[in-house]
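Residue numbers (full-length UniProt numbering): 1 to 243. A virtual CB, placed ideally from N, CA and C, is assigned to each residue, including glycine. Contents: one structure, followed by commentary.
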C-alpha cells in the first residue's frame with residue numbers, strides 16, 4: 001500500500017524581505033535549514049519547497065493577473081503535519097531563531113510570510129504514487145457558493161477527468177483550518193485549497209484538460225465562487241520523503 005499524506009498541512013507562501021537576501025540564498029535557507037528543522041523537530045512529517053512558474057499553459061483562459069502574480073510571494077512550502085496548528089506547538093516554539101546562512105538577526109524578520117493551516121479532506125491517488133511529490137504543482141484556492149456542489153464536482157467529475165490528462169499525477173484537497181494570529185492574513189480567505197500534482201505540464205494545453213475545464217458543472221462552480229486563485233509551481237526540493 002502506498003504511504004498516505006498526513007492529516008494536516010501548514011502552507012507557507014514567502015519571499016525574502018531584505019535586499020541583501022536574494023532568491024538563491026532564500027531557497028538555500030529554506031531547503032537546507034528551515035524545512036529540515038521543521039521535519040526533524042516533529043513540527044512537520046515532510047515538506048516540499050516550490051518556486052512559482054508564470055509561463056505555464058493557460059487553462060481555458062483562466063490565469064492570475066500579471067501584476068498580481070509578480071507582486072505575490074513567489075515561494076511555497078507545503079509542510080504536512082500531524083498537528084492541526086503546527087506553529088502553535090512546543091516543538092515549533094523551540095526551533096532556533098537565527099540562521100547559519102542568512103545575515104545576523106532573527107529569521108522571522110528576514111522574510112515576508114503568509115502561513116495558513118489546512119485539514120486534508122481528499123487524497124486522490126489513482127496511480128498509487130504515495131507521498132512523493134510531483135515535479136509540478138497546480139494550486140487552486142476557491143470559496144464556492146455551494147459546498148455540496150463543489151465537492152460533488154471534484155469527486156464525481158473533475159478528478160476522474162484529470163486522470164486522462166497527460167502528465168497528471170495526483171490531487172490533495174484541503175479545507176481551511178484555524179488561522180495563525182500573526183502569520184495568516186486578516187482578510188477573507190478562500191475556504192478550500194487544492195494541489196494538483198503533475199510530472200509534466202505539456203498536457204495542460206491539450207484537449208483532455210480543456211474537456212475537464214469546460215464542462216457545464218466546471219463553469220458553474222467557477223462562476224458561482226466568490227474567489228478563484230490559480231498558481232503553478234515547480235518543485236525545488238523535498239524533505240522527509242525518503243528515497
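Original post:
Going by DSSP, what residues sit across from residue 8 in a beta bridge?
Top reply: 81 and 119
Subject >> Whole-angstrom distance between residue 76 and residue 221, CA atom to CA atom >> reply: 26 Å
**OP:** Check each candidate in 10, 5 and 4 and name the one with the smallest Cα separation from residue 184.
**Re:** 10
Subject >> residue 93 burial status per 10 Å Cβ neighbour count (16 or more: buried) >> reply: Exposed, since its Cβ has fewer than 16 Cβ neighbours within 10 Å.
Original post:
Exposed or buried, residue 87, counting other C-beta atoms within 10 Å across all chains shown (16 or more means buried)?
Top reply: buried
**OP:** Under 8 Å by Cβ, that's how I've got residue 53 and residue 233 pegged, so tell me the actual separation to the nearest angstrom.
**Re:** Rounded, the Cβ-Cβ distance is 6 Å, consistent with contact.
Original post:
In angstroms, rounded to a whole number, what distance separates the CA positions of residue 131 and residue 125?
Top reply: 9 Å
Original post:
Would residue 241 count as contacting chain B if we go by Cβ distances under 8 Å?
Top reply: Absent from the structure is chain B; it holds one protein chain and no more.
Subject >> Selected residue, minimal CA-CA separation from residue 162, among 127, 187 and 17 >> reply: It is 127.
**OP:** Assign residue 149 to buried or exposed, taking buried as 16 or more other Cβ atoms, counted over all protein chains shown, within 10 Å of its Cβ.
**Re:** exposed
**OP:** For the stretch 171-238, list the alpha helix (DSSP H) runs that are entirely contained and at least 4 residues long, ordered along the chain.
**Re:** 207-213 and 216-223
Subject >> Option nearest residue 175 by Cα separation, candidates 151, 107 and 100 >> reply: 151
**OP:** Report the partner residues of residue 111 according to the DSSP bridge assignment.
**Re:** 16
Subject >> Residues sharing a beta bridge with residue 142, DSSP >> reply: 192 and 228
Original post:
So is the beta-carbon of residue 144 under 7 Å away from any non-hydrogen atom of the ligand GDP?
Top reply: For the structure depicted, the ligand GDP is absent and the ligand set is empty, with no information on it obtainable.
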